[in-house]
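Novice: Count along the sequence shown starting at 1, add 447, and that's the number in this note's numbering.
No residue lacks a Cβ here, since even glycine has one placed at the ideal position from N, Cα and C.
It should be emphasised that the depicted structure is a prediction, and the values quoted were computed from it without experimental measurement.
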Amino acid sequence: MDVQQLRCFVAVAEELHFGRAAERLHLTPSPVSRAVRDLEREFGVALFVRRYHQVELTTDGRALLDPVRDVLLRVDGLKALVTAPPTARRVVHVGGTHLSPPAVMDRLLAVTEQRFPGHDIEVTTAPSAELLPGLERGELDLALVHLPLDRPDLDSLVVARYTFCVVTRADDPLAGRDELSLRDLTDRTMTIGPSGVQPTAMNRHIERLKNAGITSIHRMPDHDSALLAAHIRRSHGLTLTLHPRQGGSSRVFDDPAFAVVPLRDDLEFLLGVAWSRHRAGHDDVVGELVGTVRQEWAGHPLTL
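Here is the structure:
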(Lines of atoms letter the chains of each structure in order from A and count residues from 1; the text may use other names and numbers.)
(Lines give C-alpha, C1' and ligand atoms only; values in the text may rest on other atoms or scores of the structure.)
Protein backbone atom coordinates (compact mmCIF):
# COMPACT_ATOMS: atom_id res chain seq x y z
CA MET A 1 0.00 0.00 0.00
CA ASP A 2 1.06 3.62 -0.47
CA VAL A 3 0.11 7.02 0.92
CA GLN A 4 -1.98 7.95 -2.12
CA GLN A 5 -4.15 4.85 -1.66
CA LEU A 6 -4.71 5.83 1.97
CA ARG A 7 -5.64 9.38 0.95
CA CYS A 8 -8.16 8.02 -1.55
CA PHE A 9 -9.67 5.75 1.10
CA VAL A 10 -10.10 8.64 3.59
CA ALA A 11 -11.54 10.96 0.95
CA VAL A 12 -14.15 8.41 -0.14
CA ALA A 13 -14.94 7.55 3.49
CA GLU A 14 -15.57 11.21 4.33
CA GLU A 15 -17.44 12.13 1.15
CA LEU A 16 -19.26 8.77 0.75
CA HIS A 17 -19.09 9.48 -2.97
CA PHE A 18 -16.30 8.57 -5.41
CA GLY A 19 -16.92 11.59 -7.64
CA ARG A 20 -16.75 14.14 -4.82
CA ALA A 21 -13.69 12.39 -3.38
CA ALA A 22 -12.01 12.66 -6.78
CA GLU A 23 -12.83 16.39 -6.98
CA ARG A 24 -11.33 16.90 -3.53
CA LEU A 25 -8.11 15.09 -4.55
CA HIS A 26 -7.98 16.79 -7.98
CA LEU A 27 -8.26 13.42 -9.71
CA THR A 28 -10.79 11.70 -11.91
CA PRO A 29 -13.00 9.00 -10.31
CA SER A 30 -11.21 6.11 -12.07
CA PRO A 31 -7.82 6.33 -10.24
CA VAL A 32 -9.61 6.90 -6.92
CA SER A 33 -11.76 3.79 -7.46
CA ARG A 34 -8.70 1.80 -8.55
CA ALA A 35 -6.70 2.88 -5.48
CA VAL A 36 -9.50 1.80 -3.15
CA ARG A 37 -9.87 -1.56 -4.93
CA ASP A 38 -6.11 -2.15 -4.67
CA LEU A 39 -6.25 -1.33 -0.97
CA GLU A 40 -9.17 -3.72 -0.46
CA ARG A 41 -7.25 -6.43 -2.31
CA GLU A 42 -4.20 -5.88 -0.11
CA PHE A 43 -6.21 -5.95 3.13
CA GLY A 44 -8.31 -8.85 1.87
CA VAL A 45 -11.58 -7.21 2.97
CA ALA A 46 -14.21 -4.91 1.47
CA LEU A 47 -13.92 -1.37 2.82
CA PHE A 48 -17.10 -0.01 1.20
CA VAL A 49 -20.54 -1.24 0.25
CA ARG A 50 -21.22 0.15 -3.22
CA ARG A 51 -24.81 0.69 -4.29
CA TYR A 52 -26.30 2.78 -7.09
CA HIS A 53 -25.53 6.42 -6.21
CA GLN A 54 -24.69 5.36 -2.64
CA VAL A 55 -21.48 4.37 -0.85
CA GLU A 56 -21.24 3.15 2.75
CA LEU A 57 -18.33 2.08 4.92
CA THR A 58 -18.23 -1.57 5.94
CA THR A 59 -17.42 -2.55 9.53
CA ASP A 60 -13.79 -3.10 8.46
CA GLY A 61 -13.76 0.27 6.72
CA ARG A 62 -15.01 2.06 9.84
CA ALA A 63 -12.39 0.28 11.96
CA LEU A 64 -9.59 1.46 9.65
CA LEU A 65 -10.69 5.07 9.17
CA ASP A 66 -9.28 6.69 12.33
CA PRO A 67 -5.96 4.75 12.26
CA VAL A 68 -5.46 5.72 8.60
CA ARG A 69 -6.22 9.37 9.40
CA ASP A 70 -3.58 9.19 12.14
CA VAL A 71 -1.03 7.72 9.71
CA LEU A 72 -1.67 10.52 7.20
CA LEU A 73 -1.45 13.18 9.89
CA ARG A 74 1.95 11.82 10.94
CA VAL A 75 3.17 11.60 7.34
CA ASP A 76 2.03 15.16 6.62
CA GLY A 77 3.78 16.39 9.77
CA LEU A 78 7.19 15.04 8.72
CA LYS A 79 7.99 18.01 6.50
CA ALA A 80 7.52 20.47 9.33
CA LEU A 81 10.06 18.58 11.46
CA VAL A 82 12.88 19.20 9.01
CA THR A 83 11.98 22.51 7.34
CA ALA A 84 11.07 24.76 10.25
CA PRO A 85 13.83 25.10 12.88
CA PRO A 86 12.39 26.92 15.91
CA THR A 87 14.87 29.79 15.70
CA ALA A 88 14.64 30.30 11.92
CA ARG A 89 12.83 33.26 10.38
CA ARG A 90 11.06 31.05 7.94
CA VAL A 91 8.66 32.06 5.23
CA VAL A 92 5.06 32.39 6.41
CA HIS A 93 2.72 30.69 3.94
CA VAL A 94 -0.81 32.14 3.74
CA GLY A 95 -3.53 31.05 1.32
CA GLY A 96 -6.73 32.75 0.26
CA THR A 97 -9.64 32.00 -2.01
CA HIS A 98 -9.88 34.42 -4.93
CA LEU A 99 -13.68 34.24 -4.57
CA SER A 100 -13.71 36.12 -1.28
CA PRO A 101 -14.03 39.93 -1.04
CA PRO A 102 -10.51 41.41 -1.45
CA ALA A 103 -10.81 43.52 1.71
CA VAL A 104 -11.01 40.41 3.92
CA MET A 105 -7.82 38.91 2.46
CA ASP A 106 -6.11 42.31 2.73
CA ARG A 107 -7.00 42.41 6.43
CA LEU A 108 -5.67 38.88 7.01
CA LEU A 109 -2.37 39.77 5.33
CA ALA A 110 -2.13 43.02 7.30
CA VAL A 111 -2.46 41.26 10.69
CA THR A 112 0.00 38.58 9.53
CA GLU A 113 2.58 41.22 8.55
CA GLN A 114 2.10 43.02 11.87
CA ARG A 115 2.62 39.79 13.81
CA PHE A 116 5.68 38.69 11.81
CA PRO A 117 7.61 41.84 10.85
CA GLY A 118 10.66 41.09 8.75
CA HIS A 119 9.42 37.67 7.68
CA ASP A 120 8.80 36.87 4.05
CA ILE A 121 5.09 36.15 3.54
CA GLU A 122 4.20 33.98 0.58
CA VAL A 123 0.58 34.17 -0.62
CA THR A 124 -1.19 31.39 -2.53
CA THR A 125 -4.45 32.33 -4.25
CA ALA A 126 -6.76 29.49 -5.31
CA PRO A 127 -10.25 28.04 -4.75
CA SER A 128 -10.90 26.73 -1.24
CA ALA A 129 -10.85 23.11 -2.45
CA GLU A 130 -7.24 23.55 -3.58
CA LEU A 131 -6.09 25.32 -0.41
CA LEU A 132 -7.42 22.78 2.10
CA PRO A 133 -5.12 19.92 1.01
CA GLY A 134 -2.21 22.37 1.25
CA LEU A 135 -3.09 22.98 4.91
CA GLU A 136 -3.25 19.24 5.56
CA ARG A 137 0.12 18.65 3.88
CA GLY A 138 1.80 21.46 5.81
CA GLU A 139 2.42 23.58 2.70
CA LEU A 140 0.24 26.41 4.05
CA ASP A 141 0.21 27.81 7.58
CA LEU A 142 -3.22 29.43 7.38
CA ALA A 143 -5.82 29.96 4.66
CA LEU A 144 -8.93 32.07 4.07
CA VAL A 145 -11.57 29.65 2.79
CA HIS A 146 -15.30 29.12 2.57
CA LEU A 147 -16.83 27.14 5.42
CA PRO A 148 -17.91 24.68 6.72
CA LEU A 149 -15.13 22.11 6.57
CA ASP A 150 -15.53 18.34 6.67
CA ARG A 151 -11.87 17.62 7.40
CA PRO A 152 -11.24 16.47 10.98
CA ASP A 153 -7.55 17.40 10.88
CA LEU A 154 -8.37 21.07 10.26
CA ASP A 155 -9.84 23.71 12.56
CA SER A 156 -11.39 27.04 11.57
CA LEU A 157 -12.73 30.38 12.75
CA VAL A 158 -15.58 32.29 11.10
CA VAL A 159 -14.47 35.77 10.02
CA ALA A 160 -17.40 36.86 7.82
CA ARG A 161 -21.01 36.04 6.92
CA TYR A 162 -22.26 36.71 3.41
CA THR A 163 -25.31 38.90 2.83
CA PHE A 164 -26.52 38.08 -0.65
CA CYS A 165 -28.24 40.13 -3.32
CA VAL A 166 -30.29 38.81 -6.22
CA VAL A 167 -29.01 39.76 -9.66
CA THR A 168 -31.47 40.14 -12.55
CA ARG A 169 -31.47 41.96 -15.83
CA ALA A 170 -32.48 45.59 -15.42
CA ASP A 171 -35.67 44.93 -17.41
CA ASP A 172 -36.72 41.93 -15.28
CA PRO A 173 -40.08 42.22 -13.42
CA LEU A 174 -38.21 41.70 -10.13
CA ALA A 175 -35.72 44.49 -10.80
CA GLY A 176 -37.80 47.24 -9.23
CA ARG A 177 -38.29 45.55 -5.86
CA ASP A 178 -36.68 47.01 -2.71
CA GLU A 179 -35.82 43.50 -1.50
CA LEU A 180 -36.60 39.89 -2.34
CA SER A 181 -37.05 36.62 -0.46
CA LEU A 182 -36.28 33.14 -1.68
CA ARG A 183 -40.02 32.53 -1.83
CA ASP A 184 -40.23 35.20 -4.55
CA LEU A 185 -37.81 33.18 -6.70
CA THR A 186 -39.34 29.69 -6.61
CA ASP A 187 -40.68 29.86 -10.19
CA ARG A 188 -37.36 31.03 -11.63
CA THR A 189 -34.06 29.36 -12.56
CA MET A 190 -31.17 30.15 -10.22
CA THR A 191 -27.68 30.08 -11.74
CA ILE A 192 -24.79 29.21 -9.43
CA GLY A 193 -21.09 28.41 -9.74
CA PRO A 194 -19.61 24.90 -9.77
CA SER A 195 -19.50 22.84 -6.57
CA GLY A 196 -15.83 21.97 -7.03
CA VAL A 197 -14.59 25.30 -5.63
CA GLN A 198 -15.60 24.08 -2.13
CA PRO A 199 -17.88 21.03 -2.35
CA THR A 200 -19.09 21.02 1.27
CA ALA A 201 -20.04 24.72 1.31
CA MET A 202 -21.58 24.68 -2.16
CA ASN A 203 -23.59 21.50 -1.60
CA ARG A 204 -25.07 22.97 1.58
CA HIS A 205 -25.80 26.20 -0.29
CA ILE A 206 -27.70 24.26 -2.96
CA GLU A 207 -29.56 22.27 -0.31
CA ARG A 208 -30.77 25.48 1.34
CA LEU A 209 -31.98 26.84 -2.00
CA LYS A 210 -33.89 23.63 -2.71
CA ASN A 211 -35.38 23.57 0.78
CA ALA A 212 -36.67 27.09 0.12
CA GLY A 213 -38.47 25.82 -2.99
CA ILE A 214 -35.96 26.77 -5.70
CA THR A 215 -35.77 23.55 -7.70
CA SER A 216 -34.60 24.87 -11.08
CA ILE A 217 -30.85 25.34 -10.62
CA HIS A 218 -28.35 25.87 -13.44
CA ARG A 219 -24.69 25.25 -12.62
CA MET A 220 -21.98 27.08 -14.49
CA PRO A 221 -19.03 24.91 -15.61
CA ASP A 222 -16.47 27.29 -14.11
CA HIS A 223 -16.44 30.15 -11.65
CA ASP A 224 -15.88 32.92 -14.20
CA SER A 225 -17.74 36.12 -13.28
CA ALA A 226 -17.71 37.47 -16.84
CA LEU A 227 -19.25 34.25 -18.18
CA LEU A 228 -21.82 34.31 -15.39
CA ALA A 229 -22.82 37.89 -16.20
CA ALA A 230 -23.11 37.04 -19.90
CA HIS A 231 -25.29 34.04 -19.07
CA ILE A 232 -27.68 36.14 -16.95
CA ARG A 233 -28.01 38.69 -19.76
CA ARG A 234 -28.77 36.00 -22.36
CA SER A 235 -30.98 33.69 -20.30
CA HIS A 236 -32.98 36.31 -18.36
CA GLY A 237 -32.12 34.20 -15.32
CA LEU A 238 -31.08 35.00 -11.75
CA THR A 239 -27.98 34.59 -9.66
CA LEU A 240 -26.78 35.55 -6.18
CA THR A 241 -23.89 37.85 -5.42
CA LEU A 242 -22.44 40.04 -2.73
CA HIS A 243 -23.17 43.71 -3.21
CA PRO A 244 -20.79 45.14 -5.87
CA ARG A 245 -19.36 47.53 -3.27
CA GLN A 246 -17.59 44.49 -1.75
CA GLY A 247 -15.39 44.38 -4.84
CA GLY A 248 -13.85 41.32 -6.41
CA SER A 249 -15.99 39.24 -8.75
CA SER A 250 -19.21 40.96 -7.62
CA ARG A 251 -18.08 44.16 -9.38
CA VAL A 252 -19.07 42.61 -12.71
CA PHE A 253 -22.70 43.39 -11.82
CA ASP A 254 -21.99 47.09 -11.24
CA ASP A 255 -23.43 47.71 -14.69
CA PRO A 256 -26.67 49.42 -15.78
CA ALA A 257 -27.65 46.23 -17.59
CA PHE A 258 -28.26 44.56 -14.20
CA ALA A 259 -30.38 45.15 -11.12
CA VAL A 260 -28.92 44.10 -7.75
CA VAL A 261 -31.70 43.60 -5.19
CA PRO A 262 -31.01 42.72 -1.50
CA LEU A 263 -32.07 39.21 -0.43
CA ARG A 264 -34.01 39.16 2.84
CA ASP A 265 -33.12 35.54 3.74
CA ASP A 266 -29.88 34.51 5.44
CA LEU A 267 -28.29 31.59 3.54
CA GLU A 268 -25.60 31.08 6.23
CA PHE A 269 -22.74 31.21 3.74
CA LEU A 270 -19.55 31.67 5.75
CA LEU A 271 -15.96 32.75 5.18
CA GLY A 272 -13.26 31.80 7.65
CA VAL A 273 -9.63 31.07 8.31
CA ALA A 274 -8.52 27.44 8.59
CA TRP A 275 -5.41 25.70 9.90
CA SER A 276 -4.03 22.29 10.82
CA ARG A 277 -4.87 21.27 14.40
CA HIS A 278 -1.62 19.29 14.69
CA ARG A 279 0.61 22.09 13.41
CA ALA A 280 -1.08 24.70 15.62
CA GLY A 281 0.17 22.70 18.61
CA HIS A 282 3.65 21.89 17.26
CA ASP A 283 4.67 24.82 15.04
CA ASP A 284 5.24 28.18 16.73
CA VAL A 285 4.43 30.19 13.59
CA VAL A 286 1.09 28.46 13.04
CA GLY A 287 0.24 28.70 16.74
CA GLU A 288 0.98 32.43 16.79
CA LEU A 289 -0.99 32.98 13.58
CA VAL A 290 -4.02 31.25 15.06
CA GLY A 291 -3.75 33.35 18.21
CA THR A 292 -3.53 36.50 16.09
CA VAL A 293 -6.64 35.78 14.02
CA ARG A 294 -8.59 34.75 17.12
CA GLN A 295 -7.72 38.08 18.71
CA GLU A 296 -8.67 39.93 15.51
CA TRP A 297 -11.97 38.20 14.73
CA ALA A 298 -13.20 35.87 17.48
CA GLY A 299 -16.76 36.83 18.32
CA HIS A 300 -16.72 39.67 15.79
CA PRO A 301 -17.27 38.23 12.31
CA LEU A 302 -17.87 40.71 9.53
CA THR A 303 -21.20 40.97 7.74
CA LEU A 304 -20.49 41.36 4.06
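List the DSSP bridge partners of W744.
Specialist: Counted from its first residue, the sequence shown places residue 744 at position 297. DSSP, once it has assigned bridges, lists no residue as partnering W744.
Novice: Please say whether H690 and Q645 have beta carbons closer to each other than 7 Å?
Specialist: Here residue 645 refers to the residue found at position 198 of the sequence shown. Here residue 690 refers to the residue found at position 243 of the sequence shown. No. Outside cutoff.
Novice: Residue range of the alpha helix (DSSP H) that D602 falls in?
Specialist: Within the sequence shown, residue 602 is the residue found at index 155, counting from 1. Unbroken run through D602 is the beta strand (DSSP E), 601-608; no alpha helix (DSSP H).
Novice: Consult DSSP for T662 and reduce its assignment to one of helix, strand or coil.
Specialist: Looking up residue 662 in the sequence shown gives position 215. T662 falls in the coil class under three-state DSSP.
Novice: Closer than 6 Å by C-beta to A469: which residues in its own chain qualify, once you throw out the five before and the five after it? Chain order, please.
Specialist: In the sequence shown, the residue the question calls residue 469 occupies position 22. T475, P476, V479.
Novice: Excluding the 5 residues preceding and the 5 following L555 in the sequence, name in chain order all residues of the same chain whose CB lies nearer than 6 Å to its CB.
Specialist: If you number the sequence shown from 1, residue 555 lands on position 108. Same-chain partners within the cutoff: L591.
Novice: Between the beta-carbon of A607 and the beta-carbon of P709, is there less than 7 Å?
Specialist: Numbered from 1 along the sequence shown, position 160 holds the residue referred to as residue 607. Numbered from 1 along the sequence shown, position 262 holds the residue referred to as residue 709. Not a contact, by the Cβ cut-off of 7 Å.
Novice: What does a CB cutoff of less than 7 Å around A617 pick up in its chain, not counting 5 residues either side in sequence?
Specialist: The residue given as residue 617 occupies position 170 in the sequence shown. P703, A704, F705, A706, listed in sequence order.
Novice: What is the rounded straight-line gap between the Cα of A493 and the Cα of D485?
Specialist: Position 46 of the sequence shown, counted from the start, is the residue given in the question as residue 493. Position 38 of the sequence shown, counted from the start, is the residue given in the question as residue 485. Straight-line Cα distance between these residues: approximately 11 Å.
Novice: Tell me the DSSP secondary structure of F456 in three-state form.
Specialist: In the sequence shown, counting from the first residue as 1, residue 456 sits at position 9. It is helical.
Novice: Does the beta-carbon of P693 have 16 or more other beta-carbons within 10 angstroms, so that it is buried, or is it exposed?
Specialist: Here residue 693 corresponds to residue number 246 of the sequence shown, with the count starting at 1. Sequence check: residue 693 is Gln here, not Pro. Answer is buried; the Cβ neighbour count reaches 16.
Novice: Mapping the DSSP letters down to three states, classify H758 as helix, strand or coil.
Specialist: Residue 758 falls outside the range modelled here, since the chain spans only 448 to 751, and no answer is possible.
Novice: Give the DSSP-derived three-state secondary structure of T475 in the structure shown.
Specialist: Locating residue 475 in the sequence shown gives position 28, counting from the first residue. Coil, per DSSP.
Novice: Would you mind stating whether V720 and L589 have Cβ atoms separated by less than 7 Å?
Specialist: The sequence position of residue 720 within the sequence shown is 273, counting from 1. The sequence position of residue 589 within the sequence shown is 142, counting from 1. Yes, the pair counts as a contact, with Cβ atoms nearer than the cut-off.
Novice: Let me make sure I understand the geometry here. Which of V483, V457, Y499 has the alpha-carbon closest to that of R516?
Specialist: Walking along the sequence shown from the start, residue 516 turns up at place 69. Ranking the options by Cα distance to R516, first place goes to V457.
Novice: Where does V708 fall in DSSP's three states?
Specialist: The residue given as residue 708 occupies position 261 in the sequence shown. Correct three-state label for V708: strand.
Novice: Counting pairs of beta carbons, one from the region 711-726 and one from the region 649-659, are three or more of them closer than 8 Å?
Specialist: Enough Cβ pairs lie closer than 8 Å, so yes.
Novice: Which of the three DSSP states, helix, strand or coil, is assigned to F700?
Specialist: Against the sequence shown, residue 700 aligns to sequence position 253. If DSSP states are grouped into helix, strand and coil, F700 belongs with the helices.
Novice: Helix, strand or coil: how does DSSP classify G543 here?
Specialist: Along the sequence shown, one-based indexing puts residue 543 at 96. It is a strand residue.
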